Every structure is written in structure tokens, then in C-alpha cells.
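Student: Take this structure, written in C-alpha cells, and hold onto it; I'll ask about it next.
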Amino acid sequence: MMEAIPTGYCLFLSAILFTIGVVGFLTRRNAVLVFMCIEIMLNAVNLSFIAFARRLGSLDGQVAVLFVITVAAAEVAVGLSIIVALFRKRKTVDVDQIDLMKW
Amino acid sequence: MSHEVSSIAVLARLILVLPLAGYVLNGLVGERWGRRAVGVIGSGVVGLAFLCALMLFAQLLRLEEGQRQVISDVFSWIGVGELNVSARLLVDPLSAVMVLVVSGVSFLIHVYSIGYMGREANFSRFFAYLNLFVFSMLLLVLAGNFLLMFVGWEGVGLCSYLLIGFWFERESAARAGNKAFIVNRIGDLGFLLGVILIFATFGSLDFDKVFGAAPEVLKTSSSLANLIALLLFVGAIGKSAQVPLYIWLPDAMEGPTPVSALIHAATMVTAGVYMVARCHVLYLLAPPVLIAVAAVGALTAIYAASIGLVQNDIKRVLAYSTISQLGYMFLGCGVAAFSASIFHLMTHAFFKALLFLTAGSVIHALANEQDMRKMGGLYPYMRVTGVTFWVAALAISAIPPLSGFFSKDEILWGAFSDSSLGPSLWVVGAFTGAMTSFYVARLGIKTFHGKPRWTAHANRPVHESPPVMTVPMAVLGLLAAVGGLVGVPAALGGRDNFGRFLEPVFASPLMPHAAHPPGLETILMAVSAIVSLGGIVTAVYFYIWRPELPGIVRERFRRAYRLVLNNYYVDEGYAAGVVRPGERMADYLAQRVDAKGIDGAVNGIAALVNSLSLALRRWQTGLVRNYAFLILIAIIALLFYSIRR
């Protein structure tokens, strides 16, 4: 048998991915890129789930991952359609330009 | 003492209900029914009340002498905790006398008013108020406990305000009404405090319970007894216009003359005297206060008489005369001669009301002229008025055998035989009597005799008043002349029916008894009669024989004259000392405290909220990015928090 990758490494990778996702989410101006960052975050969480599932020898983590992937897919569909609608109205996908709810 | 729903109780209720019904009718539908109806209803209810009073009197006489006290509860009024007050009526000789006087004199004045106010636009309102007044006064005298009496007390004060300010479009009248009510209120505060103290001490407000328990509960001359008596007396000072709360009465002459006759001569102002007489048990337990009462009475009598000597307005002379005569009544109470005071109250009602009615007759004939300097020589034109006037004048001057003589001398005799300060009180009383006869004779001479100083109005020649006015005057004249005969004292061979009738009311072991040589009373009477006669002679001297004298005296004593003419500047004193500070405080409270302080606080809170929201608004940028950042921060904080735990 191959030696299992230490759980700690996986978690570390997950954390880094998550941080990259967060920073990207907070910093990017293009709405599509913000979405990509959301996907990065979701995948980081998925990795984390899998790592624990392997470690604990339970299938619960894998089931959770399936759920997350499903929800992410649905969310992307809805989110991208919102962006398309927004683009059609405002001719821009710059999130900084969408501030109608400003006081 | 008996509690019975007998004919007396029924009559008492009728006496109260009739004027009240008159008020309601005249007030609500009087305008529509016209003058004649209003006049008939207004006078009629009071007349019927008088008849009921006569029947009540007759019924009372049928009872045994010691049993003449009927208590009747009309309804249960207040029942809160320990305070159980019912609407209780008390009928005894004292209240019977008062009811007779009030309803009788009121009736005559109502009839007179039909003529006097005949041209008045607000005829029905006048009669409505008059009826309400009569109701309140009757309630006051028939009340069987302090609270019901206070209702009547306040009611007469209210009606006084309404009637003094009857012509309220005139600013002086409106202000006079205010003044009367406010000064009365000050006295009422004292009265109310006294009533509260009585309740706290006795646990009840009913007359029979309080007066029955008083000798045991209150030690003679204890500070509690003195305080109660004093506080009640403060109320009397306000209501009955004694020094120093008399200032409203001269100004009250702004009201129509029948009002002055009824309220400020015969009835309302006598409420204080009645109250003191009713509460005599309490006063006998507080000798220092009795001395104060006598002193205040005597002082007021002579003080007011001095002002009345020089007034030029016919009604003002009579107003000060009323204050002075009320002083006599309180003097009588102060020397424990309570029935003498009530006797004087009755005779005073007759002759003072008559004096006012005759003055009204003159004023009416001269188209509302009230200044005596513009009268004179009216007798040939107004004989009935003139004759009745002189009857009243002689009565008030206490010339025998008219009524005033018997009542006033009974008071003076009571004063003399009372205590060590008795003789000096007698002297004050006798001298005031001389002043009284002087100013009333002066009034008569200046108004009815001498050279005419008035100008006739082309369309209304000066003539006698119509019978609707002269008949009541004549009736009052008759009463003023012979009314005293019910109280002829033993010293003159009479049986003093009046005094004996009232005796059971005032029969208390605390009443002082003094024995004096019988001849002394007759001598004193003769002296005071001569002194009064001297007053009249002096007036004749000053105004008929040597008419230049008044002018000379005025010049010689100019400053004293000015002082007295202007009421010793008491009104100015009050204005500066009490009214202006009060106004300033009201101003301060209105502008600084209310507008700036309270409004400022409320507005300030609003402003604070406003600025807070202005600051917080900045957080709402509308950018999802910023919101996401905040969410992140919050999550991190929560994580840390839960890890810490």
C-alpha cells in the first residue's frame, strides 16, 4: 500500500486555497472573477471534508462533498444568470459600479 | 336628634331641587321661551322654595324644643377606604333661619331683577346664574357635613364669579370676576386644609359626629383645636371679605346691582359667618382663635367704615359698608354671641339688600350713573325709593326701634360682657356705628336731597321705578323696620323669640356665662343709639347746613383723604407684593422652563438621534465587497470567541 498523505498537509493546502479564495473575493473587481474565487473557496472546503473522511474512515465527509458540489453547481447557474442580467442592464460587470443601495 | 324621612326631609329636598330646576330650565331653554317665562320661572322657583321654607319652619316648631334637629341622607356619595361621606342634610333652627332669609330675600331680588334687567340682552343667562347661586347657597346652609357644605361654598364662589363678570365684554368686569374667585380660592385653601385636618382627627366629616366628639377629642386650647379653627376661619375671611382678603368685594360692584344686593350683601358673604356659627363647638374649644376672630371682625368693621366715609361711587360706599357690617358679625362670633351674629346677619340682609336695591333704582333712573357727585335732589322724583332708602339707612344706623338697633346692640352687649378686652371692643363697635350712620346719611343726602347735579336725558326723564322693582323694596323696607322685633332683649322687656329659638343650637356646656347688672345693658344701648344719632347729625351738618365744609376738610387733610379714598393703597400693595411676583414667576416658567427647558430636552433628544444616524449611515456603501468583508471579520471574531471558551 502507498503511504497515506498526512492529514495535516491536506488541511494546510485547504487553508491556503481558502485564503486565496477569500482574498480574491474581496479584491477583484470583475464579477466573474469573484465567482471563480467563490468556487475556489468551495473546493477548499471540499478538500478539507475529504481529508477528514479519509482520516476518520467514515463516508460522511464524502457525502457532504457531494452535497457541496451539487449546491455549487446550482449556485453558479443562478449567479451567472444574474451577472448576465446585470451586464445587460448596466453594460458592466464591475462590482464597484453597483452601489444603488448606498445611503 | 332624629333621623327621619319625614315631611321636613322632603321639604328640605324640595327647597334644594326647585332653584336647581330653575337653573336647568332657564339655562337650557330660557332663550327660546322669552323674557316673561324666564322671569316667572326664575322667581317662581325661589318663591316656591321660600314657601317650602316657611312650611319647614312650621314643622320644626311643632317638634319639642330640644328635638329640633333632623338629619337626612339623600344619597351615599363617596365610599373610599375610610372616607364615607353621604349627601347629608341637616335641618335645625340655625339652618331654618338661614334658609328663610336666603330664599325670602332672594325671591324679592329675583322679582326686582325682572324690572332692573328688563332691557338686558342676556336675560335668561342672568336668571339661570341667579338660580344656580340660590341653589348653591341653600346647599351650603342645609348641608349636614363639611364636604357637602364645601360644595355649596365653592358653588357660591363660582356663581359670584359668573355674575360679577356678567358683562364680561367689559374688561374691568372680567377682571373683577377673576379677582373675586382667586381671592376666594386663597381662603378656600385654608378651609380645605381645616376640613382635611378634621377628617384626620375625627375620622368623619358629619357635623353631628364631629361636634359631638369634639369636646373629648380636642383638648381646649390645644394646638390642634386652634389650628383647625384657624384654618376654617381663613376660609371665612376670604368668603366674607374680612381683612386682609376683602379686596375683591369693592371691585365686585362691577356686576349688576341685583347681584350686589343678593350675593354681596345678603347671602354669599354671610356664608363665613354661618360657618363659624355652625362650627361654634370647635371655636369654643379654641379661645385664642376666638379672640382673633373678634379682633379681625372689629378691625375690619372700623377699617372698612373709614374707607366708606369718602367714596364717591354709590355702590362702593355700600360695598365697604357690607365689609364693615360683616366685621360686626364676626365680632359677635368672636365673643361667643353666636345667635346675636345670626340675628344681625338677618337684619343686615334686609337693610343692606334694600340699600342696594334703592341704589339700583337710582342708577337705573339716571341711566347708569353711579357717581354721587352727579346726583342730588332726586327725592321729589322718586319718593318710594327715597322713603325705603331712609328706612334702610335708619336701620343700618341702628336707630331704635328699627331692626338694626336690636341686632347690633346685642352684638355690642355680647362684646362688652365677654372678657377683659370687652369694653374696648364695645368702643370700637360704637364708634364704627357712628361712622356707619355718617356715611349712610351722607349717601342719602347727596343722592336724594340738595341741589340736583344731574343732567336729564332727553328721551328718558327721571322717574320712579316700576312696581316690579318698588314692591320688593317696600317689602324689604317693612322687614328692615320691624324685623328686629323678634329679638327684643329682656332688658327692654321683650322675649327675644329669635334668641330663644336658636338657643338649643348653641347650647353647649362650653358657652361662657356672664352676669351683669341688668341696667347696664340699657345704658349701653342708649349710649350707642345716641352715638349713632350723632353720626347722622354730623352728616346733616356737613352736607346740608354747612355744605362748604367737606371741601375744606378735604383740602386740609389732603394726604389722609387721598389715602383713605384709595383704599389705603391696599390693592396697589397686593399688586406689587403678590400679583407681580406671581406674574413674573409664571412668565419665567412659561418661557424659560417650558419653552426652553422642556421643549429643549425633547428636541435635543431628537437632534441626538439625528446626528447618531448621520454618523452610522456611512457604513452603508452599497458595495457587496464591503459587506462581505464585514461578514468575514465577524466570523473570525466568533471563531476566536468560541475557541477561547
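In order, the protein sequence lines correspond to chains C and G.
In case it helps, the working numbering puts the first sequence at residues 1 to 103.
In case it helps, the working numbering puts the second sequence at residues 1001 to 1645.
Note that CB positions come from ideal geometry on N, CA and C, so glycine has one too.
This structure is a prediction, so every number in the text was calculated from the model and none was measured.
#1: Starting from F1075 (chain G), follow its DSSP beta bridges and name the residues at the other end.
#2: Could you tell me which residues DSSP pairs with A1336 (chain G) in its beta bridges?
#3: Looking only at DSSP bridge pairs, what is D1206 (chain G) linked to?
#4: Starting from L1632 (chain G), follow the alpha helix (DSSP H) in both directions and report where the run begins and ends.
#5: So, at 7 Å on beta carbons, what are the nonlocal neighbours of H1364 (chain G) in its own chain, with the 5 sequence-adjacent residues on each side left out?
#6: Please determine if the region 1321-1340 of chain G and the region 1407-1419 of chain G are in contact, where contact requires at least 3 C-beta pairs separated by less than 8 Å.
#7: For chain C, is any of its Cβ atoms less than 8 Å away from the one on V1609 (chain G)?
#8: How should F1107 (chain G) be labelled, buried or exposed, when 16 other C-beta atoms within 10 angstroms of its C-beta is the threshold for buried?
#9: Compile a chain-ordered list of the residues in the region 84-101 of chain C whose CB is closer than 8 Å to at least one CB of chain G.
#10: Three or more C-beta pairs under 8 Å: does that hold for the region 1248-1267 of chain G against the region 1201-1208 of chain G?
#11: Quick one: what's D1655 (chain G) bridged to in DSSP?
#12: Is it the case that the Cβ atoms of R1088 (chain G) and D1073 (chain G) are separated by a distance below 8 Å?
#13: Could you give the uninterrupted runs of the alpha helix (DSSP H) lying entirely in the region 1185-1273 of chain G, keeping only those of 4 residues or more?
#14: Does V76 (chain C) get closer than 8 Å to chain G when you measure Cβ to Cβ?
#15: Counting C-beta neighbours from all protein chains within 10 Å, is the total for G1519 (chain G) 16 or more, i.e. buried, or is it exposed?
#16: When you compare each of G:W1390, G:S1222, G:R1580 and G:V1038 to H1449 (chain G) by their alpha carbons, which one comes out closest?
#17: Leaving aside the five residues before and after D96 (chain C) along the sequence, list all residues of the same chain whose C-beta is less than 8 Å from its C-beta, in chain order.
#18: Taking only beta-carbon positions, decide if M1 (chain C) is within less than 8 Å of chain G.
#19: Report the residue ranges of all alpha helix (DSSP H) runs contained in full by the region 1394-1422 of chain G; include only those spanning at least 4 residues, in chain order.
#20: Cα separation between R54 (chain C) and Y9 (chain C)?
#21: If you draw a straight line from the alpha carbon of G1582 (chain G) to that of C1159 (chain G), how long is it in whole angstroms?
#22: Name, please, each residue of chain G whose Cβ falls closer than 8 Å to the Cβ of L26 (chain C).
#23: Alpha carbon to alpha carbon, how far is A1523 (chain G) from D1409 (chain G)?
#24: Chain G beta carbons: is any one of them nearer than 8 Å to that of V104 (chain C)?
#25: Would you give the residue range spanned by the alpha helix (DSSP H) that L1608 (chain G) belongs to?
#26: In its own chain, which residues sit with a C-beta less than 6 Å from the C-beta of L1565 (chain G), not counting the 5 before and 5 after it?
#27: Please state the DSSP three-state secondary structure of E3 (chain C).
#28: Could you tell me the boundaries of the alpha helix (DSSP H) in which Q1542 (chain G) lies?
#29: When the Cα atoms are used, what is the spatial distance from L1162 (chain G) to Y1129 (chain G)?
#30: Go to K89 (chain C), then tell me how far its alpha helix (DSSP H) extends in each direction, as first and last residue.
#31: Could you please give me the residues that DSSP links to V1080 (chain G) through a beta bridge?
#32: Does the beta carbon of V22 (chain C) sit closer than 8 Å to a beta carbon anywhere in chain G?
#33: According to DSSP, is V1099 (chain G) helix, strand or coil?
#34: If you follow the alpha helix (DSSP H) that E1064 (chain G) is in, where does it begin and where does it stop?
#35: Closest by CA to K1239 (chain G), which one among G:Q1069, G:T1270 and G:L1227?
#36: Start and end of the alpha helix (DSSP H) containing T1470 (chain G)?
Tutor: Quick answer:
#1: Beta-bridge annotation (DSSP): F1075 (chain G) is paired with G:A1087.
#2: Partner residues in a beta bridge of A1336 (chain G), as assigned by DSSP, do not exist.
#3: Looking at the DSSP assignment, D1206 (chain G) forms a beta bridge with G:N1145.
#4: Element bounds for L1632 (chain G): V1624 to R1644.
#5: Y1116 and S1465.
#6: These segments touch.
#7: Not an interface residue.
#8: Looking at its Cβ environment, which holds 16 or more other Cβ atoms inside 10 Å, F1107 (chain G) is buried.
#9: Those residues of the region 84-101 of chain C that come within reach of chain G (Cβ to Cβ, closer than 8 Å) are V95, D96, I98, D99, L100 and M101.
#10: Here the region 1248-1267 of chain G does not lie against the region 1201-1208 of chain G, with fewer than 3 beta-carbon pairs under 8 Å apart.
#11: Any property of residue 1655 (chain G) remains undetermined from this structure, which presents chain G solely from 1001 to 1645.
#12: R1088 (chain G) is a Cβ neighbour of D1073 (chain G), given a cutoff of 8 Å.
#13: Counting only runs of 4 or more, we get 1207-1217, 1223-1239, 1248-1251 and 1257-1261.
#14: No, V76 (chain C) lies away from the interface with chain G (no Cβ there is under 8 Å from its Cβ).
#15: When all chains shown are included, G1519 (chain G) counts as exposed.
#16: Comparing Cα-Cα distances from H1449 (chain G) to each of G:W1390, G:S1222, G:R1580 and G:V1038, the minimum goes to G:W1390.
#17: If we look at D96 (chain C) and ignore the five residues flanking it on each side, its Cβ neighbours are R29.
#18: Reliability fails at M1 (chain C), whose pLDDT of 48 lies under 50, so the model's placement of it is uncertain and the value that follows must be treated cautiously. No, its Cβ sits nowhere closer than 8 Å to a Cβ of chain G.
#19: The region 1394-1422 of chain G contains these whole alpha helix (DSSP H) runs: 1403-1416.
#20: One Cα belongs to R54 (chain C), the other to Y9 (chain C), and the distance between them is close to 13 Å.
#21: In this structure, the straight-line span from the alpha carbon of G1582 (chain G) to that of C1159 (chain G) is close to 25 Å.
#22: Identification of chain G residues near L26 (chain C) by a Cβ-Cβ cut-off of 8 Å yields R1625, A1628, F1629 and L1632, ordered along the chain.
#23: At residue 1523 (chain G) the sequence reads Ile, which differs from the Ala that was named. Looking at the two C-alpha atoms, the distance is approximately 11 Å.
#24: As displayed, chain C neither begins before 1 nor continues past 103, which places residue 104 (chain C) out of reach and without an answer.
#25: Counted as a single uninterrupted DSSP element, the alpha helix (DSSP H) harbouring L1608 (chain G) occupies residues D1599 to R1617.
#26: The answer, listed in chain order, is V1310.
#27: Three-state DSSP puts E3 (chain C) in coil, outside helix and strand.
#28: For the record, residue 1542 (chain G) in the displayed sequence is Phe; it is not Gln. No alpha helix (DSSP H) holds F1542 (chain G); DSSP gives it neither H nor E.
#29: Near 7 Å, if we compare the C-alpha coordinates of Y1129 (chain G) and L1162 (chain G).
#30: Element bounds for K89 (chain C): D60 to R90.
#31: According to DSSP, V1080 (chain G) shares a beta bridge with G:L1083.
#32: Output row for V22 (chain C): interface = yes.
#33: Reduced to three states, the DSSP call for V1099 (chain G) is helix.
#34: DSSP places E1064 (chain G) outside any alpha helix (DSSP H), giving it a letter other than H or E.
#35: Among G:Q1069, G:T1270 and G:L1227, the Cα nearest to that of K1239 (chain G) is on G:T1270.
#36: Run containing T1470 (chain G): P1467 to V1482, per the alpha helix (DSSP H) assignment.
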